[in-house]
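Undergrad: Going line by line, the protein sequences match chains A and B.
So the first sequence is numbered by my numbering: it starts at -16 and just counts up by one.
So the second sequence is numbered by my numbering: it starts at -16 and just counts up by one.
This structure is in structure tokens; I'll ask about it shortly.
Protein chains: 2
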Amino acid sequence: VPTSDSAPATAAPPRLRRDARANQDKIIAAARNVYRRSGLDVSMEEIASEAGVGLATVHRRFSREQLVEAVFAERAREFLALAQDCLTQPDKWNAFVSYLEGLCVMHAEDRCTSDVLTLRLPRSPLLGDLRDQLYYAQLELIQQAQAHGDLRPDFAAEDVILILLAIGGVISATAGTAPESWRRVFALIVSSLRAERADELPAPPQADDLLAALAKPRAGRRPSGLPAS
Amino acid sequence: VPTSDSAPATAAPPRLRRDARANQDKIIAAARNVYRRSGLDVSMEEIASEAGVGLATVHRRFSREQLVEAVFAERAREFLALAQDCLTQPDKWNAFVSYLEGLCVMHAEDRCTSDVLTLRLPRSPLLGDLRDQLYYAQLELIQQAQAHGDLRPDFAAEDVILILLAIGGVISATAGTAPESWRRVFALIVSSLRAERADELPAPPQADDLLAALAKPRAGRRPSGLPAS
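What follows is the structure in structure tokens.
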């Protein structure tokens, strides 16, 4: 991500740098809105227009790649904040369920950028690092809930992704007029996650296979900003 | 659906009528393949080419609308056969679970035409009738399993659709390299459906709201053959 004082001058007066920073934030927020509405295959013109700045201003601050990365990095930090917040909860089952539910709520609000979670997303060192942090925070939530005997012992990190994909399937079909429908399916799934109810399950997908499946962009939703790998 | 002896003559010789019927079946099978691969927004040329017949032959037998209707009617009959087959099973819980699982398997094999189930689909008297039959067969499966105390009493017909949407979300993301992933989520959901485990759930969506949500075509998957209502 370009910093506010990267492009034109290191000696710019403070007010100019503040303006540049404000423009940058405005462009990122606008990009996020446009991505949410229309997916990642949008023109820089649409983003400039949403931000109320000229196209040249957008191009001066961001390449297409950098803009996608900036939006997804912001999103990844929100997921990470959720996980860290849940880790402070004393009850480890509630902490785990709050995390899962929080993910689903965030997914319901903005399906486009939650691809950062399912890895259906461009790779970049910044995003990779954030994703690693998220992965370990999530693993801790899972392991704590299992250590306390609340969460079924065969629950795997891959299941978080599978559950989010399932909830996403409900959300994307019902968002129009029955937007709370996903909560019923979520409640069903959560009730089956308690350790004392653990029937035998089919094995989770191999992590590599799951990631490969997800890395393959779906028709019409291909992140066009960054290279696929 | 046009019948084989509709167009040219009532007095056509038997062999000609047999040929016409064979052509018609070939065209329906080809349309189904093309829809499965590319969705419903495909040209009649693509379907003719897949069927190995001329475009004029396709146009002589089917309008775009009739072809979509014929393919979906075939699919609806398959779902109905599944439901009726499950109704003959003596164990009512197994019958219900077999039905749900069968729907998911058929959905995994061909997501396009399973829109017939979620009603995200053109209306026609023929399809409406098949859908009613399917609805009542499914209701009987649900009520039998509830009457035997196996299925949670708050399970609603709408839940079948919600579950299929959830499984569809997993399938559409993982079909590439982890195509069995949905079975794990399915097993989780089923294990939460047993009556003795029934936690309180959020209410199901109002049937009208759910149908309205589903009737609204999703981007890129609009059935273009028939009018939306």
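Glycine residues also receive a C-beta, built at the ideal position from the N, C-alpha and C atoms.
Predicted, not measured: the structure shown is a model, and the values here were computed from it.
If you measure from the beta carbon of Ile125(B) to each beta carbon in chain A, is any gap under 8 Å?
TA: Walking along the second sequence from the start, residue 125(B) turns up at place 142. No, its Cβ sits nowhere closer than 8 Å to a Cβ of chain A.
Undergrad: Across the region 53 to 71 of chain B and the region 117 to 124 of chain B, are there enough close Cβ pairs to call them in contact, namely three or more that are closer than 8 Å?
TA: The region 53 to 71 of chain B vs the region 117 to 124 of chain B: in contact.
Undergrad: Establish whether the CB of Ser26(B) and some CB of chain A are separated by less than 8 Å.
TA: Start at 1 with the first residue of the second sequence, and residue 26(B) comes out as number 43. No, its Cβ sits nowhere closer than 8 Å to a Cβ of chain A.
Undergrad: Where does Arg220(B) fall in DSSP's three states?
TA: Summary: the structure shown does not reach residue 220(B), with chain B confined to residues -16 through 212, and so no result is reported for it.
Undergrad: In three-state DSSP terms, what is Leu145(B)?
TA: Here the question's residue 145(B) lines up with position 162 in the second sequence. Note: Leu145(B) maps to helix in three-state DSSP.
Undergrad: Relative to the C-alpha of Leu23(A), which candidate in Gln49(A), Val168(A), Asp112(A), His131(A) has its C-alpha closest?
TA: Numbered from 1 along the first sequence, position 40 holds the residue referred to as residue 23(A). For Leu23(A), the nearest C-alpha among the options comes from Gln49(A).
Undergrad: In chain order, what residues of the region 7 to 25 of chain B put their CB closer than 8 Å to some CB of chain A?
TA: Here the close residues number zero.
Undergrad: I want to see whether chain B comes within less than 8 Å of Gly85(A), judged by CB atoms only; does it?
TA: For the purposes of this step, residue 85(A) is identified with residue 102 of the first sequence, where counting begins at 1. No, no contact with chain B.
Undergrad: Could you tell me whether the Cβ of Asp192(A) comes closer than 8 Å to any Cβ of chain B?
TA: As a position in the first sequence, residue 192(A) is number 209, starting the count at 1. Yes, contact with chain B.
Undergrad: So, at 8 Å on beta carbons, what are the nonlocal neighbours of Gly37(B) in its own chain, with the 5 sequence-adjacent residues on each side left out?
TA: Along the second sequence, one-based indexing puts residue 37(B) at 54. For Gly37(B), where only same-chain residues beyond five positions count, the Cβ hits under 8 Å are Ala31.
Undergrad: For Leu134(B), does the three-state DSSP call read helix, strand or coil?
TA: On the second sequence, position 151 is the one that residue 134(B) refers to. In the structure shown, Leu134(B) sits in a strand (DSSP, three-state: E or B).
Undergrad: Between Ala190(B) and Ala170(B), what straight-line distance do the alpha-carbon atoms span, to the nearest angstrom?
TA: Mapped onto the second sequence, residue 190(B) falls at position 207. Mapped onto the second sequence, residue 170(B) falls at position 187. So the two alpha carbons sit approximately 25 Å from each other.
Undergrad: Can you tell me which of Ala186(B), Arg58(B), Ile125(B), Leu124(B) puts its alpha carbon nearest to the alpha carbon of Tyr18(B)?
TA: Taking the first residue of the second sequence as position 1, residue 18(B) is located at position 35. If we check each option's Cα against that of Tyr18(B), Arg58(B) comes out closest.
Undergrad: Pull up the CB-CB distance for Arg150(A) and Cys95(A), whole angstroms please, since I reckon it's below 8 Å.
TA: For the purposes of this step, residue 150(A) is identified with residue 167 of the first sequence, where counting begins at 1. For the purposes of this step, residue 95(A) is identified with residue 112 of the first sequence, where counting begins at 1. A small fix is needed here, since residue 150(A) is Ile in this sequence, not Arg. Ile150(A) to Cys95(A), Cβ: 15 Å. No contact.
Undergrad: Which class does Ala186(A) belong to by DSSP, given the choice of helix, strand or coil?
TA: As a first step, residue 186(A) must be located in the first sequence, where it is residue number 203. Ala186(A) falls in the coil class under three-state DSSP.
Undergrad: With 16 other CB atoms within 10 Å as the buried threshold, where does Thr157(B) fall?
TA: Reading the second sequence from its first residue, position 174 is the one you call residue 157(B). Counting Cβ neighbours within 10 Å, Thr157(B) comes out buried, since at least 16 surround it.
Undergrad: If I measure Cβ to Cβ from Gln72(B) and keep anything under 8 Å in the same chain, skipping five residues before and after, which residues do I get?
TA: Here the question's residue 72(B) lines up with position 89 in the second sequence. The answer, listed in chain order, is Ala78, Ser81.
Undergrad: Hey, out of Glu163(B), Asp8(B), Ile172(B), Val143(B), whose CA is closest to Ala56(B)'s CA?
TA: In the second sequence, the residue the question calls residue 56(B) occupies position 73. Here the closest residue by C-alpha is Asp8(B).
Undergrad: Does Pro188(A) pass the burial test, meaning 16 or more other C-beta atoms within 10 Å, or should it be called exposed?
TA: Mapped onto the first sequence, residue 188(A) falls at position 205. By the neighbour-count rule (16 or more Cβ atoms within 10 Å), Pro188(A) is buried.
Undergrad: Taking the alpha-carbon of Ala140(B) as reference, which of Gln127(B), Pro108(B), Glu163(B) has the nearest alpha-carbon?
TA: Here residue 140(B) refers to the residue found at position 157 when the second sequence is read from its first residue. For the residues Gln127(B), Pro108(B), Glu163(B), the minimum Cα distance to Ala140(B) belongs to Gln127(B).
Undergrad: Going by alpha carbons, who is nearest to Ser46(B) out of Val168(B), Glu92(B), Ala14(B)?
TA: Translated into the one-based positions of the second sequence, residue 46(B) becomes position 63. Nearest C-alpha to Ser46(B): Ala14(B).
Undergrad: DSSP on Gly152(B), reduced to helix/strand/coil?
TA: Sequence index remark: in the second sequence, residue 152(B) carries index 169 (1-based). It is helical.
Undergrad: Please classify Leu176(B): is it buried, with 16 or more other beta-carbons within 10 angstroms of its beta-carbon, or exposed?
TA: The residue given as residue 176(B) occupies position 193 in the second sequence. Counting Cβ neighbours within 10 Å, Leu176(B) comes out buried, since at least 16 surround it.
Undergrad: List, in chain order, every chain A residue whose beta-carbon is nearer than 8 Å to that of Pro185(B).
TA: The sequence position of residue 185(B) within the second sequence is 202, counting from 1. Near Pro185(B) (Cβ distances below 8 Å), the residues of chain A are Glu163, Arg166, Arg167, Ala170.
Undergrad: Between Arg(-2)(A) and chain B, is there a C-beta pair that is closer than 8 Å?
TA: Residue mapping note: residue -2(A) aligns to position 15 of the first sequence, counting from 1. With 8 Å as the cut-off, Arg(-2)(A) does not count as an interface residue toward chain B.
Undergrad: By a C-beta neighbour count over all protein chains shown, 10 Å radius and 16 as the cutoff for buried, is Pro(-4)(B) buried or exposed?
TA: The residue labelled residue -4(B) in the question sits at position 13 within the second sequence. It is exposed - the Cβ of Pro(-4)(B) has fewer than 16 other Cβ atoms within 10 Å.
Undergrad: Looking only at C-alpha atoms, which of Val41(A), Glu92(A), Gln129(A), Met89(A) sits nearest to Trp76(A)?
TA: Taking the first sequence and counting its residues from 1, the one referred to as residue 76(A) is at position 93. The shortest Cα separation from Trp76(A) among Val41(A), Glu92(A), Gln129(A), Met89(A) belongs to Gln129(A).
Undergrad: Could you name the residues of the same chain whose beta carbon sits closer than 7 Å to that of Asp133(B), not counting the 5 residues immediately before and after it, in chain order?
TA: By one-based count along the second sequence, residue 133(B) stands at place 150. Same-chain partners within the cutoff: Lys75, Trp76, Arg177, Ala178.
Undergrad: So with CB distances below 7 Å, who are the chain A contacts of Gly151(B)?
TA: For the purposes of this step, residue 151(B) is identified with residue 168 of the second sequence, where counting begins at 1. Here the neighbours are Gly152.
Undergrad: Less than 8 Å between the CB atoms is what I'm expecting for Ile172(A) and Ile154(B), so what's the real figure, rounded?
TA: Taking the first residue of the first sequence as 1, we reach residue 172(A) at position 189. Taking the first residue of the second sequence as 1, we reach residue 154(B) at position 171. Not confirmed; about 16 Å, so no contact.
Undergrad: For Ser164(B), I'd like the list of residues in its chain whose CB is within less than 7 Å of its CB, leaving aside the five on either flank, ordered along the chain.
TA: Position 181 of the second sequence, counted from the first residue, corresponds to residue 164(B). Val153, Thr157, listed in sequence order.
Undergrad: Note down the Cα distance separating Asp115(B) from Ser21(B), rounded to an integer number of angstroms.
TA: Here residue 115(B) refers to the residue found at position 132 of the second sequence. Here residue 21(B) refers to the residue found at position 38 of the second sequence. Spanning the two alpha carbons is a distance of roughly 28 Å.
Undergrad: In whole angstroms, give me the CA-to-CA distance for Gly85(A) and Phe138(A).
TA: Here residue 85(A) refers to the residue found at position 102 when the first sequence is read from its first residue. Here residue 138(A) refers to the residue found at position 155 when the first sequence is read from its first residue. So the two alpha carbons sit approximately 18 Å from each other.
Undergrad: Alpha carbons only, please: which of Arg166(A), Pro108(A), Asp192(A), Arg135(A) is nearest the one belonging to Leu296(A)?
TA: Chain A is shown from -16 up to 212; residue 296(A) falls before or after that span and cannot be answered.
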